[in-house]
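Count the sequence shown with the working numbering and you get residues 66 to 176, in order.
Just so it is clear, CB atoms sit at the ideal spot from N, CA and C, and this is done for glycine as well.
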Amino acid sequence: MPDYLGADQRKTKEDEKDDKPIRALDEGDIALLKTYGQSTYSRQIKQVEDDIQQLLKKINELTGIKESDTGLAPPALWDLAADKQTLQSEQPLQVARCTKIINADSEDPKY
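Take a look at the structure:
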């Protein structure tokens, strides 16, 4: 049966022998690969970002305030008297669940 694929379309064992041995990268090649995707100011930007992070850590240590997922301030920052005054001046909130609508077809339905 004739072969319809040409020699350029079929890989043969003769082509596999032409492979060159793999050469390890030297220090110059590694340095080139590291700097290939970087912009001109990327090193300076990285340094400034690191400085900002260090300053944030230092500021947080000096202030002593830690972020909380509950949203509560530390007890030292509580103002109980002002909170009590605010609660007394506002009308209380009511929480309810609507279970039935009375007179739904009328002009004044009650929930």
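Membership of Thr151 in the alpha helix (DSSP H) is indicated by the continuous run 145-154.
Only residues of its own chain outside the window of five on either side were considered, and among them Pro174, Lys175 have a CB closer than 7 Å to the CB of Asn168, listed in chain order. For Asp94, the enclosing alpha helix (DSSP H) covers residues 92-101. Following the DSSP letters along the chain, one finds Arg162 in no alpha helix (DSSP H), marked with neither H nor E.
Judged by DSSP in its simplified three-state form, Lys175 adopts strand.
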